[in-house]
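S.K.: Numbering (this note's numbering), first residue to last: 2 to 324. Even glycine gets a Cβ: it sits at the ideal position worked out from N, Cα and C. Quick one: structure below, then a few questions.
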């Protein structure tokens with residue numbers, strides 16, 4: 002999980018249910034799901050999406066927005082029982098948040114409950130687990146025996162979390178997102194998955210080996226070079242089963258060229274996120290990240306990409322109560 006770009010949502014009681022700001026329509030849809038699930042009746046809530054990444058660029062914006070709205074709605078209207086009380090601590094980890102006694106963090110059970118309410122975590126649960134305490138997340142994937150029940154939001158299972166690792170605080174990530182580009186989502190994404198053949202077992206086996214025997218040990222031991230090489234190997238292999246569809250995207254070649262360029266500039270630990278166009282490059286320190294951005298700017302990448310240097314998140318979502 003990454004610390005930036007941030008997603009911030011404000012909620013307050015109001016005379017009717019309304020939303021404004023970035024992704025307002027989507028935020029309102031999540032709020033209505035909360036009202037229906039918790040049988041809140043004719044409640045009013047004003048939702049403001051203060052800051053958020055672009056949608057459908059590979060940053061998991063939909064999941065984080067849904068969980069944030071659900072967390073706020075629950076705190077405002079559905080705190081009538083212990084089952085709705087968030088597992089919390091008044092002690093945020095990130096110093097720039099200026100922690101107060103009114104800050105709440107979330108545990109894994111908590112984020113899973115919120116995800117079920119707003120219908121997130123159907124295919125991957127990385128964003129759901131990341132909402133509770135951040136970190137590098139490795140999940141096992143879902144075992145679906147009956148396709149008819151695969152998307153049943155009441156009975157469906159969540160992909161189990163295998164491990165969560167906090168990456169060293171000195172490490173940084175350079176995030177690059179091509180402007181005016183978006184990955185596929187919604188019905189187009191569902192149709193794309195239907196056209197793809199099953200992932201070969203040998204690829205699944207090698208991805209598992211890379212994650213468990215290279216990526217995780219390097220992360221736990223703080224071995225940056227080994228971690229970077231594992232990230233690159235994993236990213237390249239993970240994309241192969243999807244090439245028949247991902248190669249059709251208009252930014253596909255530019256993204257592949259960018260990943261090669263980053264490796265040539267001394268940042269081999271890079272990969273595309275989901276369908277893209279977001280690309281991340283791991284750096285051992287803030288200075289290294291700054292130098293990489295300077296090189297990219299000098300090559301003209303800043304004309305077509307938004308670039309940001311960010312920490313790896315070690316905290317997850319925070320709910321702050323303002324009285």
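Assuming residue 125 and residue 68 are in contact, meaning their beta carbons sit under 8 Å apart, how far apart are those beta carbons, in whole angstroms?
M.R.: Going by Cβ atoms, the distance from residue 125 to residue 68 rounds to 14 Å, so no, they are not a contact pair.
S.K.: Candidates 259, 63, 213 and 318: which alpha carbon is nearest residue 27's?
M.R.: The shortest Cα separation from residue 27 among 259, 63, 213 and 318 belongs to 63.
S.K.: Within its chain, find whatever has a CB closer than 6 Å to the CB of residue 186; leave out the 5 residues flanking it on each side and keep chain order.
M.R.: Counting only Cβ-Cβ distances below 6 Å, and skipping sequence neighbours, we find 57.
S.K.: Roughly how many whole angstroms lie between the Cα atoms of residue 49 and residue 201?
M.R.: Each residue's alpha carbon lies about 44 Å from the other.
S.K.: Does the beta-carbon distance from residue 238 to residue 208 come in below 8 Å?
M.R.: Closer than 8 Å, so yes.
S.K.: For the candidate residues 296, 287 and 251, whose alpha-carbon lies nearest to that of residue 262?
M.R.: Checked all of 296, 287 and 251; the closest Cα to residue 262 is 296.
S.K.: Rounded to a whole number of angstroms, what is the C-alpha to C-alpha distance between residue 36 and residue 16?
M.R.: The alpha-carbon atoms of residue 36 and residue 16 are separated by roughly 14 Å.
S.K.: Consult DSSP for residue 97 and reduce its assignment to one of helix, strand or coil.
M.R.: With a pLDDT of 44 at residue 97, under the threshold of 50, the modelled position of this residue cannot be trusted; read the value that follows with caution. Residue 97: helix per DSSP, three-state reduction.
S.K.: Please state if the CB of residue 168 and the CB of residue 313 are separated by a distance shorter than 8 Å.
M.R.: Yes. Within cutoff.
S.K.: Rounded to a whole number of angstroms, what is the C-alpha to C-alpha distance between residue 299 and residue 241?
M.R.: Those two C-alpha atoms are separated by around 31 Å.
S.K.: Round the Cβ separation of residue 180 and residue 76 to the nearest angstrom and send it over; I've been treating them as touching at under 8 Å.
M.R.: Not confirmed; about 36 Å, so no contact.
S.K.: Between the C-alpha atoms of residue 117 and residue 203, what's the straight-line distance to the nearest angstrom?
M.R.: Straight-line Cα distance between these residues: approximately 32 Å.
S.K.: In whole angstroms, what separates the C-alpha of residue 29 from that of residue 9?
M.R.: Approximately 15 Å, taken between the alpha carbons.
S.K.: CA-CA distance, residue 278 and residue 43?
M.R.: Distance between the alpha carbons of residue 278 and residue 43: 40 Å.
S.K.: Check each candidate in 59, 73, 6 and 24 and name the one with the smallest Cα separation from residue 14.
M.R.: Measuring from the Cα of residue 14, the nearest candidate turns out to be 73.
S.K.: If you pair each beta-carbon of the region 267–278 with each one of the region 217–233, do three or more pairs fall below 8 Å?
M.R.: Verdict: yes, contact present.
S.K.: In the DSSP assignment, what residue or residues form a beta bridge with residue 104?
M.R.: Note: residue 104 sits in a beta bridge opposite 321.
S.K.: With burial defined as no fewer than 16 other Cβ atoms inside 10 Å of the residue's Cβ, what is the status of residue 144: buried or exposed?
M.R.: With fewer than 16 other Cβ atoms within 10 Å, it is exposed.
S.K.: Is residue 165 closer than 8 Å to residue 138 when the C-beta atoms are compared?
M.R.: A contact, by the Cβ cut-off of 8 Å.
S.K.: Tell me which residue opens and which closes the beta strand (DSSP E) that residue 306 is part of.
M.R.: Counting along the chain, the beta strand (DSSP E) containing residue 306 begins and ends at 306–312.
S.K.: Output yes or no for whether 8 Å exceeds the beta carbon distance between residue 175 and residue 282.
M.R.: Against a cut-off of 8 Å, the Cβ pair of residue 282 and residue 175 comes out as a contact.
S.K.: Quick one: residues in its chain with C-beta nearer than 6 Å to the C-beta of residue 142, no 5 flanking neighbours on either side, listed in chain order?
M.R.: Result list for residue 142: 160, in chain order.
S.K.: Name the two residues that bound the continuous alpha helix (DSSP H) containing residue 200.
M.R.: Taken as a continuous stretch (DSSP letters only), residue 200 belongs to no alpha helix (DSSP H), as it is neither H nor E.
S.K.: Would you call residue 247 buried or exposed, if buried means 16 or more other Cβ atoms sit within 10 Å of its Cβ?
M.R.: Per the 10 Å Cβ criterion, buried.
S.K.: State buried or exposed for residue 140, treating a residue as buried only when at least 16 other CB atoms are found within 10 Å of its CB.
M.R.: Residue 140 comes out buried.
S.K.: Residue 20: buried (16+ other C-beta within 10 angstroms of its C-beta) or exposed?
M.R.: Residue 20 is buried by the Cβ-count criterion.
S.K.: Just to confirm the assignment, what range does the beta strand (DSSP E) spanning residue 144 have?
M.R.: Unbroken run through residue 144: none, as it is neither H nor E.
S.K.: What residues in its chain sit with their C-beta under 7 Å from that of residue 53, if we drop five residues either side in the sequence?
M.R.: Within the same chain, residue 53 has close Cβ partners 8, 23, 24, 62 and 66.
S.K.: The beta strand (DSSP E) that contains residue 282, what's its start and end?
M.R.: First-last of the beta strand (DSSP E) with residue 282: 280–284.
S.K.: Report all residues from its chain with a CB closer than 7 Å to the CB of residue 293; omit the five preceding and five following residues, and keep chain order.
M.R.: Only 175, 266, 268, 282 and 284 meet the Cβ criterion.
S.K.: Taking only runs of the alpha helix (DSSP H) that begin and end inside the region 15–65, which ones reach a length of at least 4 residues, in chain order?
M.R.: 25–39, all fully within the region 15–65.
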